[in-house]
Structures are given as structure tokens and as C-alpha cells.
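Presented below is the structure to which this report refers.
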Ligand SMILES: [Zn+2]
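Residue numbers (my numbering), protein chains in the order written: chain A, 26 to 376; chain B, 778 to 920.
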């Protein structure tokens with residue numbers, strides 16, 4: 026799309042992990058088998074002083090470290106999440122201040138379950154493409170919650186990634202995007218409620234699979250491409266099973282999606298999932314490589330992207346900020362009691 | 778008890794470690810002040826705001842077992858005096874590690890975390906804390 030693309034990117038995942046085995050022990054469930062079924066061996070857990078704001082700031086700062094643009098040239102910043110710490114008071118205001126982009130820019134928080142980060146990406150593409158702003162920042166980040174004992178508790182985790190969108194020194198052009206949206210009540214959280222609810226079996230076929238496949242097929246049609254035209258593919262990953270199956274349905278081979286599949290070690294980072302997978306791919310992609318990405322958000326919809334790595338990648342300061350491999354290295358494992366305390370699942374006598 | 782307006786006024790320095798350099802003695806300080814604590818009157822007109830890089834080493838640290846209510850969920854927690862690369866000394870919490878992982882001279886970098894919340898419906902305050910570099914990827918410097 027007229028040269029608009031990714032100028033820089035940065036990622037962040039909290040330091041702590043818990044295993045499905047340790048969660049299962051508390052609820053009398055075979056957590057090991059649960060983890061195996063979900064293809065999740067551990068999930069990330071935010072520290073008590075972390076939230077979507079601090080995760081977004083860390084990701085955005087890593088993004089700024091990799092490039093030498095003036096933060097004052099950033100004209101727009103959007104944070105997509107379903108766990109904004111404030112119901113009213115945008116996460117983006119603090120992120121903009123923390124990367125010294127404030128005050129001359131427009132900021133808003135976006136929400137579309139797990140695809141709010143890619144919705145932010147599309148919004149930035151439009152603004153930059155129209156020439157309204159020189160640079161725009163899209164962040165996808167979450168500290169998602171599953172109710173104690175609920176199936177979601179084995180996967181819901183935390184993390185996020187940030188992308189700087191522009192027209193100059195682009196390391197990867199976003200050549201096309203396609204979205205598919207319907208009214209599907211597969212997963213929701215009512216205003217003021219702490220934990221989300223989901224439609225059980227309803228979350229698979231008519232929700233995730235229908236929308237990701239339709240999004241992917243729509244992009245193939247729009248671009249006249251097929252799976253073999255892409256070196257990498259990344260899909261929304263609520264567990265390891267869904268993206269693996271959807272990749273097969275769309276005709277991708279396992280080695281095309283291996284790099285972007287992070288859910289086995291960090292769990293489901295919701296709005297952070299496709300952005301983090303894309304960051305892992307950009308960590309190793311070479312000029313000319315083509316990336317196929319499809320995000321999914323309950324409610325429901327999908328955003329698909331056709332991304333091509335440019336020659337600029339060879340000159341890009343990739344190692345000026347930690348790569349996904351480095352970010353995920355040396356985690357600290359928590360027991361369930363500490364995890365429950367960290368996630369605020371313990372009701373204290375007073376507040 | 779810190780109030781929202783006081784916190785708000787200090788946000789730029791708290792988020793981005795904006796301190797100052799005294800162009801009379803050449804020293805860096807944090808937080809920002811109007812005159813240099815060393816040169817005093819001689820520093821008037823020679824104070825320059827400077828964004829500190831946030832990397833440094835632990836000068837001294839302690840493990841707090843009975844501390845502020847805000848930090849109850851993290852007890853015991855670690856507070857350190859960090860000597861930044863520019864020379865300024867700054868006190869802050871060291872996170873995502875145990876006291877046994879730290880010693881005098883341990884390299885740390887600044888990050889942004891929640892400092893406190895004014896109850897469950899009040900303002901959330903954010904600011905710098907420190908993470909040991911050995912915890913994960915070394916923070917690269919922008920130079
Ligand atoms: Zn002085």
C-alpha cells in the first residue's frame with residue numbers, strides 16, 4: 026500500500042511463568058494432560074506492578090531503541106488491548122509520555138478482544154498512507170485473566186509488541202490487509218466484570234476457525250497469492266492446537282509457522298499474540314521474505330496482512346533491543362499461591 | 778501520602794528519568810532541582826535538564842520486610858541506591874529478582890512499573906524501578 030510499512034518494532038513479555046501442571050494440582054485436574062491438549066507447557070505471568078500500560082511502555086521503548094527517529098515526529102499512537110487498566114483514561118497517554126512523543130499527537134485506546142493490536146496497525150496504515158501523520162505507533166498488549174479454575178486459566182497470559190509505521194526507512198512493507206467481521210457471541214466480558222465468559226464449544230468452529238480461514242482466504246483472493254508465496258505465517262494463538270490446525274486448513278506447512286508460534290512457552294497473550302509472533306519473525310526474516318499474518322478477535326473478526334521484508338532490514342538496528350528469544354530466556358517459575366497473589370486473585374480483608 | 782496532582786507534576790522526570798547537569802561542576806543529579814547542591818549560587822544559570830540513560834550499578838541495597846502498604850504484595854522487596862552511568866545516585870525498587878541475585882556493583886537498568894494505586898478506584902501511579910541486567914537481555918544503549 027504505497028510504501029507504508031513497519032519502520033521499527035519492539036516486544037516485551039513478563040519474566041514469570043507458571044505451568045499447567047501447577048495450575049491443575051490446585052483444581053484436581055490433570056494439568057499436564059491439559060497443557061498437552063492445549064500445546065502449552067508454560068504461560069507468562071505479570072508481576073504485581075505490571076499491567077497493560079507498563080508492558081506497552083516497555084515494548085514501545087524497545088521499538089524506539091531500534092531506530093533513530095525523533096519521537097516528536099510520531100503523530101498518532103493507538104494501544105489495542107482488552108485489559109486497559111483504566112475504563113476511562115487511555116493507556117496510550119502514558120505510553121506517549123514515556124517515549125517522549127507527547128503532546129503533539131493523537132492518541133486512543135482500541136478494543137476488539139484479541140485483535141485490537143492489529144486494528145491499531147490498520148488505523149496507523151491509513152493515517153500514514155493518507156499523509157496525515159509522518160509516523161504512527163500501534164501497540165497490541167494484554168494482561169489477560171481467566172477465572173480461577175476455568176479452562177482459560179491454563180492459557181491466559183501477558184505480553185505485548187509495538188510497531189512504528191511510516192513511509193521512510195521501512196523494514197517491511199504492509200502490501201495488503203483484509204478483514205472479516207460478523208456478530209458472533211463466542212467470548213465476552215461485560216462492563217465492570219473482572220473475568221470474561223465464553224461459549225464453551227462455540228469458541229472453535231463458528232468463531233476462531235470460520236473467521237481466521239475467511240480472513241486468510243480473503244487475503245489470498247485480494248492479493249492473488251497462495252501459501253507457497255510466503256516464507257512465514259502467523260495466526261492468533263489462543264492455544265497451540267488452533268493455529269496449527271488453521272494453518273493446515275489454509276495450506277501452510279509447519280515450518281512456515283514455527284517461528285511465529287510462541288503460545289507453547291508464553292501462553293495466550295491475547296492482543297499481544299499476533300504482534301509478538303510477528304516480532305519473532307522480524308527478528309530473523311531476510312530481505313525479500315514474505316509474511317502472512319491473521320489475527321482473530323472474539324465477537325468476532327479477523328485481520329489479515331501481507332507483509333514483505335525490504336532491503337532496509339539489512340541496515341536495521343535489530344540488536345539494539347532484545348529479540349524475542351532473548352526476551353523469553355531465563356524465566357522464573359511461580360507456584361500457584363504466588364501466581365494467585367500476583368494476579369490479584371486473593372481477596373484481601375480490606376482495600 | 779502523595780496526591781494525584783503532585784505525582785502528575787513530576788511525571789516527566791519519573792517516567793523518563795529527567796535529571797539535570799550542572800555546567801559549573803559537570804555533575805549529574807536526580808531529581809531535577811533549581812540549583813546544584815554542590816556549587817549552589819555559582820550554578821545559577823548553568824543548570825541543564827538531562828535525560829539520564831537509566832543504566833547503572835547497585836551502590837547499596839536492602840531487603841524490606843515491613844514497608845509501605847503499597848508494596849505488600851511484593852514483600853519482601855528490595856530497595857537500592859543505584860549509581861547511574863552519568864554519576865547521579867538514585868533510590869528505587871529493584872524488581873523481578875531475589876536479594877541473593879544481587880550484590881554491590883550488580884548492573885541494572887531502569888524500567889517503568891506501577892508504583893502505587895490510590896485504592897481500587899483511584900489514580901494509578903507509574904514510575905521507574907530497576908531490573909538487574911543479568912535477569913535477561915542486556916539493555917542496549919543508544920549510542
Ligand atoms: Zn555543580
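Ideal Cβ positions, reconstructed from N, Cα and C, are used throughout, including at glycine.
Counting along the chain, the unbroken alpha helix (DSSP H) around residue 149(A) starts and ends at 141-154. Collapsing the DSSP output to three states places residue 116(A) in a helix. With a threshold of 16 other beta carbon atoms within 10 Å, residue 210(A) falls short and is exposed. Close partners of residue 366(A) in chain B (Cβ separation under 7 Å): 850. Judged by their CB atoms, residue 305(A) and residue 287(A) are nearer to each other than the 9 Å cut-off. Contiguous alpha helix (DSSP H) elements confined to the stretch 840-870 of chain B do not occur, taking only those with 4 or more residues. If you measure from each CB to the nearest heavy atom of ligand 1, the residues under 7 Å come out as 799(B), 801(B), 802(B), 804(B), 813(B), 815(B), 816(B), 820(B). Beta-bridge annotation (DSSP): residue 364(A) is not paired with any residue.
Note on residue 114(A): under 16 other CB atoms within 10 angstroms of its CB, so exposed under the neighbour-count rule.
Annotation: the continuous alpha helix (DSSP H) that includes residue 47(A) extends over 45-52. Taking a Cβ-Cβ cut-off of 8 Å, the neighbours of residue 912(B) in chain A comprise 40, 355, given in sequence order. At least one CB atom of chain B sits nearer than 9 Å to the CB of residue 83(A). Residue 214(A) is outside the set of residues whose beta carbon lies under 9 Å from a beta carbon in chain B.
In the DSSP assignment, residue 87(A) falls within the unbroken alpha helix (DSSP H) covering 77-90. Contact of residue 901(B) with chain A is assigned, a C-beta pair being separated by under 9 Å. At a beta-carbon threshold of 7 Å, the residues of chain A lying near residue 792(B) are 122, 123, ordered along the chain. Following the DSSP letters along the chain, one finds residue 101(A) inside the beta strand (DSSP E) bounded by residues 99-105. Under the DSSP definition of a beta bridge, residue 42(A) partners with 69(A), 358(A).
The stretch 71-90 of chain A and the stretch 139-146 of chain A do not touch, with fewer than three beta-carbon pairs separated by less than 8 Å. Of the candidates 184(A), 203(A), 317(A), the residue whose Cα lies closest to the Cα of residue 334(A) is 317(A). For residue 239(A), the enclosing alpha helix (DSSP H) has its first and last residue at 235-248.
Under the Cβ criterion of 9 Å, residue 789(B) is counted among the residues facing chain A. Here residue 184(A) is buried, its C-beta having at least 16 other C-beta atoms within 10 Å. Residues of the same chain with a CB within less than 7 Å of the CB of residue 791(B), apart from the 5 flanking positions on each side, are 904, 905 in chain order.
In the DSSP assignment, residue 205(A) is bridged to 327(A). Close CB contacts of residue 33(A) within its chain, under the 6 Å cut and outside five residues either way in sequence, are with 88, 91, 92, 189 (chain order). Residues 853, 855, 876 of the same chain have their beta carbon placed closer than 6 Å to that of residue 840(B), with the five preceding and five following residues left out of the count.
Here residue 911(B) carries a helix assignment [DSSP, helix/strand/coil].
Residue environment analysis places residue 207(A) among the exposed positions, since fewer than 16 neighbouring C-beta atoms fall within 10 angstroms of its C-beta. In its chain, beyond the 5 residues on either side, 857, 858, 859, 860, 866, 881 have a beta carbon closer than 8 Å to the beta carbon of residue 836(B). Considering only 363(A), 361(A), 359(A), 110(A), the residue with the shortest C-alpha distance to residue 219(A) is 110(A). If you draw a straight line from the Cα of residue 73(A) to the Cα of residue 894(B), it comes to about 12 Å.
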